[in-house]
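Protein chains: 2
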Amino acid sequence: MNAAYHRLKARFARITLLGEAQAMLHWDAAAVMPPGGAEARGEQLAALSGLSHELLTAPQVAEDLAEAQAEGEWDSANLDLMRQTHRRATALPTALVEATTRANAACEARWRHARAQSDFALVAPALKEVVRLQRETAAALAEATRLSPYDALMEGYQRGIGASDVEPIFAAYEQFLREALPQAEALQAEALQASRPTPRPLAGPFPVPQQQALCRAMAERVGLDFDHARLDESTHPFCGGTPADVRITTRYSADSVAQALFGVLHETGHALYERGLPAAFARQPVGEAAGMAAHESQSLIIEMQACRSDAFLRFIGPQLQASFGGAAEAYDPANLAALWRRVERGFIRVDADELTYPAHVILRFRLERALIGGELEVEGIPAAWNEGFARLLGLTPPDDARGCLQDIHWYDGAFGYFPSYTLGAMAAAQLMRAAREAEPGLDAALAQGDFTPLRDWLRQAVHGQGSRLGFQDLLRAATGKPLDPSDFTNHLRGRYLNA
Amino acid sequence: MNAAYHRLKARFARITLLGEAQAMLHWDAAAVMPPGGAEARGEQLAALSGLSHELLTAPQVAEDLAEAQAEGEWDSANLDLMRQTHRRATALPTALVEATTRANAACEARWRHARAQSDFALVAPALKEVVRLQRETAAALAEATRLSPYDALMEGYQRGIGASDVEPIFAAYEQFLREALPQAEALQAEALQASRPTPRPLAGPFPVPQQQALCRAMAERVGLDFDHARLDESTHPFCGGTPADVRITTRYSADSVAQALFGVLHETGHALYERGLPAAFARQPVGEAAGMAAHESQSLIIEMQACRSDAFLRFIGPQLQASFGGAAEAYDPANLAALWRRVERGFIRVDADELTYPAHVILRFRLERALIGGELEVEGIPAAWNEGFARLLGLTPPDDARGCLQDIHWYDGAFGYFPSYTLGAMAAAQLMRAAREAEPGLDAALAQGDFTPLRDWLRQAVHGQGSRLGFQDLLRAATGKPLDPSDFTNHLRGRYLNA
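As given, the protein sequences belong to chains X and C, one line each in that order. Taking the working numbering, the leading residue of the first sequence gets 1, the next gets one more, and so forth. Taking the working numbering, the leading residue of the second sequence gets 1, the next gets one more, and so forth.
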């Protein structure tokens, strides 16, 4: 370790501190800011990211990177990540970055309007400009990183996995779904007819203060330490803040407890990842989470794998009854499973069950890859969307609001992000299988509301690894193999296809 | 206006944006941060202030200041303030700034312990180091500003007024108090004996949700727009945030409504000042508030001048009754006056009434001036405090916790700040008198809970002036004369010495 490397560490720590300030200001904007603060907040965030960019691209950084030497696995990985970060930051001309920021903001505003009107034509010109700039960005990053243009965008969200990894996995899933979905639907219909069980809705009411108390208690059970965390409300639930002070949000509806509860469990999974990052490399690239797919694996292993398991449903039923009263039958694990593990084809990604969710992602992955590659133009999106959706899920969206206008991502300039959702779901199943093998008492513990075995295993296998490894190597170290979607399809078979 | 001036404006805007981020992080730390976030927050704030300092002291700034030309009153004042800010920032060697930060933090931590034990000896060594560094700082600033050392420190809190202005004003007040205080006490005792009125305590209970609703409604009446503001809770009430998004806090006790209500009214006065700053010079030195004494004049004109006036007490009584119920007699304006305008000698500054409050400040001003001047050493503080307190208020503190250990200021390195409290109280009386002359319907409006005449006058005379004028010139423009303490003593005579 030489002086140049130490200078770089100090500089990256400073950049991360600016990032922490930005994270707090983002949380504030979503959770507590009065509406009149929005314009000033935008300027504060722009000033901070401008300064970060200057710190990252200053001439001294290139000089230090040329000289720097690091020893040991962690510091070597850290230095590699510094180089990658610097390469991406310097690959893009300032004029392109600024044009992108402006175009994204303009398009996002148009999109809100277009979605409300369900009129794609209203946003098409703005999206054309966004796509044009994304193509330019992808080309510049591709040149700097020697990846393909679309892979260079993907790398910005999840290092270590590209379209050629994803493509066959998604094709196989499409194949699997073609048989599994009708089968799951038939089993559900059969069970309904046989009344075993007829899903009995939870009666409610679900007063918000009791929901808040329950959500907080469950987040604590999963392992969130409220000395270093907050739980608040926002329109779109998210996990923000910093590793030392993680902020999760949810939204409450007095008609339903599932929305808030599973929202909190999902964000708690993200939060535990941040809390468990390696403290010895805090504020260094190698001390950060390994990427968006890795992050999603941690929210989904809590929400989907653990908290919708038979074991946990046995635990949560009595908790719900204690909070909201009502007849015990509704809280029976089999009834909760019928309510909360229901398969249903629908148009909206964020409402989808875990079996059909990947279909939503596969469609978006194919379209955005074609958009960046130039095989698809913006005008062709609605038709391509509807055609692809019909092929994947057998339904045709009745309008663009329930089709290609539903998600913010593209309209805000995020291309290459969507695959992370399904890569995360698959990784969650693979990690859960490995955790169960390593910790034979895991399910018995979950049935007692005890997350210790799962959490301890995740801390060691995932959280504590930071960004030392790319996505595939992280899975390899934790589970003995790179991403293997059969753990996910086996999980789905066990949960949805066992009559 | 030349290019150098425009570059400076852009740079100061950027520095102010960093300051806005810091303000939000400070608010967050006081109002909502989980305790485990404190250490990281300290590092985030240190990184932001380090970057601000670098932006302010970069060689380019000196070059631009040498070349810059500005025309018109506002831009000329702005350029002057840039020069002053730069002069102060470059006057101090980095090593001194860093040593000061460390010594202040260490001393503040010791002080919490010493105050809890009421043992000055525990903090004396740490305070000696703080004072040593403050003397060094004052000397360096004095050389750069050509002010006396203590005045150079005062300038950091309130530009445009020095110890030689304050000294005779405080001496005269001491003289006034010597007669006024026993007289006010005698009148109070007489009234009590004559039962006109016997102060009837408000019965309560005062449930916190109703207090919150009332406080918010009153802040809105005074003129705070909650599209650009929040009201929260914190241990020490304060006004923070930014002009576009101002954050006030208070604390609630179920036993008393006065504490929270007057706390909110006080902070609302500060908040209105921030909200009313000149938008055309937002994020420029001339667009900021004129200093701490000016700021305190705005909180006190709302809390003390307006909201403890006979007129407003007529309005607030029925509001309180509507919120908390109970017998109407307790809400009678004369009873509220007897409760909330009570004169009482006490040891604690923050609990003091407006007549005795200046005595607390005068004592601190004299001691801190002597400390910076070298006529007093740290070891001599407790004796000098007790002797001075006895001379001013006729009481001897029973221990140092109720004496020289009560305030955080010195132990955190703040010397030259204390006079602002009393300068603000005096300015508030002077401004109120001018406002009443300019707006003859002001009190009739207050009796209806209508702050429009007062607020409109303050916006024009104070808030909208930003930092264009120093403290004395601001008062001269608003009231036709520099600080004239007789408006304050006349106000006190009218309120406390009219049998």
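Yeah, the Cβ is synthetic: ideal placement off N, Cα and C, and Gly gets one too. Being a predicted model, the structure only gives us computed values, none of them experimental.
Next item on the list: Return the first residue and the last residue of the beta strand (DSSP E) that Asp232(C) is part of.
Entry: The count along the second sequence starts at 1 and reaches residue 232(C) at position 232. It spans 229-233 - the beta strand (DSSP E) in which Asp232(C) sits, taken as one unbroken run.
Item checked: Arg14(X): contacting residues in chain C (beta-carbon distance under 7 Å) -> Your numbering for residue 14(X) matches position 14 in the first sequence. Ordered by position in chain C, the residues that pass the 7 Å Cβ test against Arg14(X) are Ala47.
Note to self: For Ala23(C), which residues in the same chain have their Cβ closer than 8 Å to its Cβ, ignoring the five residues on either side in sequence?
What the structure shows: Translated into the one-based positions of the second sequence, residue 23(C) becomes position 23. Cβ neighbours of Ala23(C) beyond the five flanking positions: Gly240, Gly241, Thr242.
Notebook entry, point to check: Given a limit of 7 Å on CB to CB distance, which residues of the region 180-203 of chain X reach chain A?
Noted result: The displayed structure is made up of protein chains X and C, and chain A is not among them.
Note to self: Quick check on the DSSP output: what are the complete alpha helix (DSSP H) runs of length 4 or more inside the region 356-416 of chain X, in order along the chain?
What the structure shows: Taking only runs of at least 4 residues, the alpha helix (DSSP H) segments lying wholly in the region 356-416 of chain X are 357-373, 381-393.
Item checked: Interface residues of chain C facing Val222(X) [CB-CB closer than 8 Å] -> Reading the first sequence from its first residue, position 222 is the one you call residue 222(X). Neighbours of Val222(X) on chain C: none; closest Cβ ~17 Å, over 8 Å.
Notebook entry, point to check: Residues of chain X with a CB under 7 Å from the CB of His228(C): which are they?
Noted result: On the second sequence, residue 228(C) is found 228 positions in, with the first residue counted as 1. The answer, in chain order, is Pro34, Gly36, Gly37.
Note to self: Looking only at its chain, what residues have a beta carbon closer than 6 Å to the beta carbon of Gly287(X), apart from the 5 residues adjacent to it on each side?
What the structure shows: Within the first sequence, residue 287(X) is the residue found at index 287, counting from 1. Excluding positions up to five away in sequence, the list reads Leu277, Pro278, Phe281, Gly466.
Next item on the list: Decide yes or no for the touch test of the region 400-412 of chain C against the region 434-445 of chain C: beta carbon pairs closer than 8 Å, at least 3 of them.
Entry: No, the region 400-412 of chain C is not in contact with the region 434-445 of chain C.
Margin query: Give me the residue from Ala289(X), Ser234(X), Met292(X), Ala293(X) with the minimum Cα distance to Val264(X).
Written below: In the first sequence, counting from the first residue as 1, residue 264(X) sits at position 264. Comparing Cα positions, the closest option is Ser234(X).
Item checked: Sequence-distant residues of its chain with Cβ nearer than 7 Å to Asn104(X) (five each side left out) -> The residue labelled residue 104(X) in the question sits at position 104 within the first sequence. Contacts found: Val130, Asp412, Gly413.
Check: For Leu60(X), which residues in chain C fall below 8 Å Cβ to Cβ?
Finding: Residue numbering aside, residue 60(X) sits at position 60 when the first sequence is read from its first letter. In the sequence as presented, Leu is not what sits at residue 60(X); that position holds Gln. Neighbours of Gln60(X) on chain C: none; closest Cβ ~13 Å, over 8 Å.
Next item on the list: Taking Met24(C) as the query, report the chain X residues whose CB atoms sit under 8 Å from its CB, ordered along the chain.
Entry: By one-based count along the second sequence, residue 24(C) stands at place 24. Within 8 Å Cβ-Cβ: Met24, Leu25, Asp28, Gln44.
Next item on the list: Evaluate Met1(C) with the Cβ neighbour count: other Cβ atoms within 10 Å of its Cβ, from every protein chain shown; 16 or more gives buried, anything less gives exposed.
Entry: Along the second sequence, read from residue 1 onward, the residue named residue 1(C) stands at position 1. The residue in question, Met1(C), is exposed, as its Cβ has fewer than 16 Cβ neighbours within 10 Å.
Item checked: Distance between beta carbons of Arg342(C) and His360(C), contact taken as under 8 Å -> For the purposes of this step, residue 360(C) is taken as the residue at position 360 of the second sequence. For the purposes of this step, residue 342(C) is taken as the residue at position 342 of the second sequence. Not confirmed; about 17 Å, so no contact.
Checklist line | Within 7 Å of chain C by C-beta, residues of the region 238-250 of chain X in sequence order | finding: Cβ contacts with chain C: Thr242, Ala244, Asp245.
Notebook entry, point to check: With DSSP run on the structure shown, which of helix, strand or coil describes Ile161(X)?
Noted result: Residue 161(X) sits at position 161 when you count from the first residue of the first sequence. Three-state result, Ile161(X): coil.
Margin query: Tell me whether the region 353-371 of chain C and the region 170-190 of chain C touch, counting them as touching only if at least three CB pairs, one residue from each stretch, are closer than 8 Å.
Written below: Verdict: yes, contact present.
Margin query: When you compare the CB of Glu439(X) with every CB in chain C, is at least one pair closer than 8 Å?
Written below: As a working mapping, residue 439(X) is identified with position 439 in the first sequence. Chain C contact via Cβ: absent.
Next item on the list: Under 6 Å Cβ to Cβ from Gln211(X), same chain only, skipping five residues before and after it: list those, please.
Entry: As a position in the first sequence, residue 211(X) is number 211, starting the count at 1. Here the set comprises Tyr252, Val257, Ala260.
Item checked: contact_flag[the region 34-53 of chain C, the region 10-28 of chain X] where n(CB pairs < 8 Å) is 3 or more -> yes
Check: If we count the other Cβ atoms within 10 Å of its Cβ and call it buried at 16 or more, is His491(X) buried or exposed?
Finding: In the first sequence, counting from the first residue as 1, residue 491(X) sits at position 491. Per the 10 Å Cβ criterion, buried.
Next item on the list: Compare the C-beta of Leu51(C) against all C-beta atoms of chain X and say whether one is closer than 8 Å.
Entry: In the second sequence, the residue the question calls residue 51(C) occupies position 51. Chain X, which has a Cβ nearer than 8 Å to the Cβ of Leu51(C), makes this yes.
Notebook entry, point to check: Which same chain residues, not among the five before or five after Asp500(C), have their C-beta less than 6 Å away from its C-beta?
Noted result: Past the edges of chain C, shown from 1 to 499, lies residue 500(C), and the structure says nothing about it.
Next item on the list: Please confirm if Glu67(C) has its CB atom under 8 Å from at least one CB of chain X.
Entry: As a working note, residue 67(C) is residue 67 in the second sequence. It does not: the Cβ of Glu67(C) has no partner Cβ on chain X nearer than 8 Å.
Next item on the list: Give the interface partners of Ala40(X) over in chain C, defined as CB-CB distance under 7 Å, in chain order.
Entry: The residue given as residue 40(X) occupies position 40 in the first sequence. Around Ala40(X), the beta-carbon contacts reaching into chain C at under 7 Å are Glu20, Thr242, Ala244, Asp245.
Margin query: On a Cα-Cα basis, can you pick out the residue from Leu92(C), Ser52(C), Asp28(C), Leu187(C) that is closest to Asn498(C)?
Written below: Here the question's residue 498(C) lines up with position 498 in the second sequence. Nearest in C-alpha terms to Asn498(C), of all of Leu92(C), Ser52(C), Asp28(C), Leu187(C), is Leu187(C).
Note to self: Can you tell me which residues form a DSSP beta bridge with Cys239(C)?
What the structure shows: Start at 1 with the first residue of the second sequence, and residue 239(C) comes out as number 239. For Cys239(C), which the question treats as bridged, DSSP gives the partners Ile248(C).
Next item on the list: Determine the burial state of Pro205(C): buried for a count of at least 16 other Cβ atoms within 10 Å of its Cβ, exposed for fewer.
Entry: The residue given as residue 205(C) occupies position 205 in the second sequence. By the neighbour-count rule (16 or more Cβ atoms within 10 Å), Pro205(C) is not buried but exposed.
Next item on the list: Measure how close the beta-carbons of Gly424(X) and Ser297(X) come, nearest whole angstrom, since I'm counting them as under 8 Å.
Entry: Along the first sequence, one-based indexing puts residue 424(X) at 424. Along the first sequence, one-based indexing puts residue 297(X) at 297. Sure, about 4 Å apart at Cβ, within 8 Å.
Note to self: Looking at chain C, is there any beta carbon in it that lies within less than 8 Å of the beta carbon of Leu17(X)?
What the structure shows: The residue you call residue 17(X) lines up with position 17 of the first sequence. True, the Cβ-Cβ gap to chain C drops below 8 Å.
Check: Quick one, which of Gln448(X), Ala152(X), Gln117(X), Arg200(X) has its alpha-carbon nearest Ala334(X)'s?
Finding: Residue 334(X) sits at position 334 when you count from the first residue of the first sequence. Cα-wise, what sits closest to Ala334(X) is Arg200(X).
Next item on the list: Would you mind sorting Arg495(C) into buried or exposed? The rule is 16 or more other CB atoms within 10 Å of its CB.
Entry: For the purposes of this step, residue 495(C) is taken as the residue at position 495 of the second sequence. It counts as buried.
Item checked: Euclidean distance between Cα positions of Gly160(X) and Ala95(C) -> Counting from one through the first sequence, the residue named residue 160(X) turns up at place 160. Counting from one through the second sequence, the residue named residue 95(C) turns up at place 95. Using only the alpha carbons, I get a separation of about 44 Å.
Item checked: the region 117-128 of chain X / the region 70-87 of chain X touching (three or more Cβ pairs under 8 Å) -> no
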